[in-house]
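What follows is a set of notes on a single structure, which appears directly below.
In the working numbering, the protein residues as written are 853 to 1550.
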């Protein structure tokens, strides 16, 4: 074996190649005169890009037979000479030899700067032809030494700048699939290649790109999913958990939804309001070492014409009948009382009034009252249980009370009623008609408010409503609008009457028995106020299930968790679950709350929480949630980078508030963004980097 010379030894390694290049003279026209390919290269390249190789080169794998070949210098993405491709000239067999088969590089034809498009070609011959046909265009050709090293070459150069590859439709997958995820643009023509279009089609490069059958695909984006929206969309309701209801209530809810053609959530909320109206008069719910009212605040979104009125007519059918009968009896009683009063004078009149006070109006269902007169009726002892149930919530939210300077005190009165069952008023006692009563204890008030989005959206994002705790106590549903999907011309549906439905008949029968119980089943105290049943846990298992649910809610209020910024609402979730579970048990004729009851109730509470979060994330003010803030910031900061990525440390130190320097919250938001397809969290060596989905730049 021949001992390598000093110059031959120098070809080993990058530095050795640089030093040996100067020992070989540029190739001359005479050397290349019989080789059309190399002659074209000679015409367009600098003189020292083609070299006359006069010796055999020695490299790591041994001595190469390179004498009398032409050397083409290959460069890496940093434009460093790292390899030498040796080609036999003068029409000899093209047995190419490369000095280092493990070094990734390209034969570069053109200028390496940011103004030029990099076009990768998998062989020297096509690269030369393409460069000739695109002379004057702002392009640079990257020629692979052979087709087997083409993919590695493309990926290497695409680390710093986008690279274009060209193929035809019939072999599209063969060319593009290995490069998916790289910073590569694929130009796909139907039958002719781009080179053939340029040679025979009399077309320019730009006109080829504009052809109807030319497709251009961003392979980097292809590897990324379409980014999901980060803010909950009020147009995409949460699935209503109808399975949360026990059969005794689930079947009537499904029937109401069927007959009125409304979403299950709307029917479920109405039935919840009905059993709360009935149950609050009879029971209290266990909560720690005390008991709470089973009154509820229920808010349901529904546009005009979606069936809110029809739903109430079925869910509250027996309640309305009961109220109607009571009112009819009242009119008879008040008429008799007034006639008796008219016939009396003096002491007899005074004695009659003392022994026979004026009969109170027994109505307890209201649809347009403000809170003040209801408070008055509680304080004056005219009623102990009431509901404000309306399918026009605008009357409540846009009424005088909620729009005036007394809105805060009105909301405070409502939350006090909900939490403790206490109603109070403070008025001057100096006038002739002053009433010395100022408080009412153990009274109950349920709110069932159904309204249009234009009303509810303002209310659900109103700082006063949230700050006073009204919304924090509410069970919220924003179901889909079924208008356009309902069926009115089905004979079978037309002949199916709700009042013949066995599930509704059973439901109404149960409502009736609870509304008008036997006197022995409705004990009162010395003042006539009802004595409510204190519902109990059926056993330790039921209590444990309740406390486990409460703990899970507590954990989700920690920093960086889903309920971190909804603490006021979250702190009432368990209490609402206890109230709903107690109502379910009571409607089923029981005085104890089981494990099944509380698990079902938590499902309804979780549904309401998800709906509340949707409105919180979709604030009409346009305020962004933390995920949106972070995503937009990442996109902006990585906009000028190729590829789009940022260091994790940089993000931690500079991210928008409240993520900046809050490691736990930032990580939580990054995980959300990755799950939504906005970013990828990756390692480059020991460095953590965040890659941004290129589809976010479109």
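Think of the CB as a built atom: it goes at the ideal place given N, C-alpha and C, for glycine as much as any other residue.
- Message: I need the DSSP call for residue 938, collapsed to helix, strand or coil.
- Response: strand
- Return the residue from the list 1242, 1195 and 1527 that minimises the CA-CA distance to residue 1081. 1527
- Message: Just to confirm my understanding: we take residue 1427, look at its own chain, exclude 5 residues before and 5 after, and list those with CB closer than 7 Å. What are they?
- Response: 1139 and 1144
- Message: Taking contact to mean 3 or more Cβ pairs, one atom from each stretch, closer than 8 Å, check whether the stretch 1333 to 1340 and the stretch 1145 to 1163 are in contact.
- Response: yes
- Message: At the level of alpha carbons, what is the spacing between residue 1050 and residue 990?
- Response: 16 Å
- Task: Go through its chain and collect everything with a Cβ distance to residue 1415's Cβ below 6 Å, but skip five positions before and after it.
- Result: 1408, 1409 and 1422
- Quick one: what's got a C-beta closer than 8 Å to residue 919's C-beta in the same chain, skipping five residues either side? 905, 906, 907 and 908
- Task: Report the three-state DSSP secondary structure of residue 910 (helix, strand or coil).
- Result: strand
- Message: Whole angstroms are fine: how far does the CA of residue 879 sit from the CA of residue 936?
- Response: 14 Å
- What first and last residue would you give for the alpha helix (DSSP H) that runs through residue 895? 888 to 896
- How would you label residue 992, buried or exposed, when you count the other beta carbons within 10 angstroms and need 16 or more for buried? buried
- Item | Backbone secondary structure at residue 827 - three-state DSSP | Residue 827 is absent from the structure shown; the chain starts at 853 and stops at 1550.
- Message: If I measure Cβ to Cβ from residue 1015 and keep anything under 8 Å in the same chain, skipping five residues before and after, which residues do I get?
- Response: 970, 971, 972, 994, 1006, 1009, 1034, 1035, 1036 and 1037
- Item | Cα-Cα separation, residue 1040 to residue 1062 | 12 Å
- Message: Strictly by DSSP, which residues pair up with residue 1389?
- Response: 1445
- Item | Local conformation of residue 1144 per DSSP, three classes | strand
- Item | Straight-line gap, residue 1453 to residue 1242 (C-alpha atoms, nearest Å) | 24 Å
- Message: Please identify the residue among 1169, 1127 and 1068 whose C-alpha is closest to the C-alpha of residue 1149.
- Response: 1127
- Message: Please classify residue 1520 as buried or exposed, where buried requires at least 16 other C-beta atoms within 10 Å of its C-beta.
- Response: buried
- Query: Apart from the five residues just before and just after residue 884, which ones in its own chain have a Cβ nearer than 6 Å to its Cβ?
  - Reply: 890, 891, 894 and 941
- Query: Skipping 5 residues on each side, what residues in its chain have a beta carbon closer than 6 Å to that of residue 1531?
  - Reply: 1525, 1542 and 1544
- Taking the alpha helix (DSSP H) that residue 1518 falls in, what are its first and last residues? 1515 to 1527
- Just the C-alpha distance for residue 1268 and residue 1076, rounded to the nearest angstrom, thanks. 52 Å
- Message: Check whether chain C comes within 9 Å of residue 1441, counting only Cβ atoms and requiring the distance to be less than that.
- Response: Going by chain labels, chain C is absent from the structure shown, which holds only one protein chain.
- Three or more beta-carbon pairs under 8 Å between the stretch 1160 to 1179 and the stretch 1449 to 1464, yes or no? no
- Item | C-beta atoms of residue 1004 and residue 1074 nearer than 9 Å | no
- Task: Kindly list the residues whose CB is nearer than 7 Å to the CB of residue 1070, restricted to its own chain and excluding five residues on each side of it in sequence; keep chain order.
- Result: 1037 and 1546
- Query: Relative to the C-alpha of residue 1113, which residue among 1160, 1089, 1097 and 1101 is closest?
  - Reply: 1160
- Task: Report the three-state DSSP secondary structure of residue 1511 (helix, strand or coil).
- Result: coil
- Take residue 1290 as the anchor and find which of 1299, 1296, 1052 and 1277 has the nearest alpha-carbon. 1277
- Does the beta-carbon of residue 988 have 16 or more other beta-carbons within 10 angstroms, so that it is buried, or is it exposed? exposed
- Item | Secondary structure, alpha helix (DSSP H): runs of 4+ residues fully inside the stretch 942 to 1012 | 976 to 985 and 1002 to 1009
- If we count the other Cβ atoms within 10 Å of its Cβ and call it buried at 16 or more, is residue 1431 buried or exposed? buried
- Message: Give me, in chain order, the residues of the same chain whose beta-carbon lies closer than 8 Å to that of residue 1094; leave out the 5 immediate sequence neighbours on both sides.
- Response: 1102, 1105, 1106, 1116 and 1120
- Query: Which term fits residue 1331, buried or exposed, when burial requires 16 or more other beta carbons within 10 angstroms of its beta carbon?
  - Reply: buried
- Query: Which word fits residue 1197, buried or exposed, when buried means at least 16 other C-beta atoms lie within 10 angstroms of its C-beta?
  - Reply: exposed
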